[in-house]
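For the sequence shown, position 30 (counting from the first letter as 1) is numbered 52 according to the working numbering, and the numbering increases by one without interruption. Written below as structure tokens is the structure these notes are about.
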Amino acid sequence: MFYSGNRIINSGKAENQADYMLKGCKHVELRERALQDQLHRAIALNIIINAISLDHAEQATKHRKKQGKLQEELLNHIGWEHINFLGEYKFNFRQNSSLDSLRPLKQQEVE
Numbered sequence: 023m024f025y026s027g028n029r030i031i032n033s034g035k036a037e038n039q040a041d042y043m044l045k046g047c048k049h050v051e052l053r054e055r056a057l058q059d060q061l062h063r064a065i066a067l068n069i070i071i072n073a074i075s076l077d078h079a080e081q082a083t084k085h086r087k088k089q090g091k092l093q094e095e096l097l098n099h100i101g102w103e104h105i106n107f108l109g110e111y112k113f114n115f116r117q118n119s120s121l122d123s124l125r126p127l128k129q130q131e132v133e
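This is how it looks when you write it as structure tokens:
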């Protein structure tokens, strides 16, 4: 059972609503009145979307690995210091840096 304000929502109904929102709803309503509550709900939705994206990336990687088409040397993550808890990339654009300090680009060899 899920609690929504003073009402108890059946867990099946809540699951169906979440499924509808994630699979194709083009309009999402945030029914919270307070701005802070809206922000909390938006952050929670962002975390769910990031989890789904991670799962899809893992499944795609496993599939490519089974096919023998995965080139692991081309997979590089960006430094973890640039990723916050919500999975958003944050960069300090005020920091002085040059293009000479970047790591070399890995390119796929053409056969």
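By construction, the Cβ of each residue, glycine as well, lies at the ideal position given by its N, Cα and C atoms.
What does DSSP give as the partner residues of residue i in its beta bridges?
{"i": "I74", "result": "Paired residues: none, contrary to the question."}
{"i": "I105", "result": "Y111"}
Quick test of your reading: residue i and residue j, contact by CB under 8 Å. State the CB separation rounded to the nearest angstrom.
{"i": "N118", "j": "K112", "result": "Not confirmed; about 17 Å, so no contact."}
How about residue i and residue j: do their beta carbons lie closer than 8 Å?
{"i": "Q93", "j": "Q130", "result": "yes"}
With DSSP collapsed to three states, give me the class of residue i.
{"i": "F113", "result": "coil"}
{"i": "L97", "result": "coil"}
{"i": "M54", "result": "Reading off the sequence shown, one finds Glu at residue 54, where the question assumed Met. It is coil, neither helix nor strand."}
{"i": "N68", "result": "helix"}
{"i": "E80", "result": "helix"}
The ligand SAM and residue i: does any heavy atom of the ligand fall closer than 7 Å to the residue's C-beta?
{"i": "H85", "result": "Among the ligands in the structure shown, none appear at all, so the ligand SAM cannot be discussed."}
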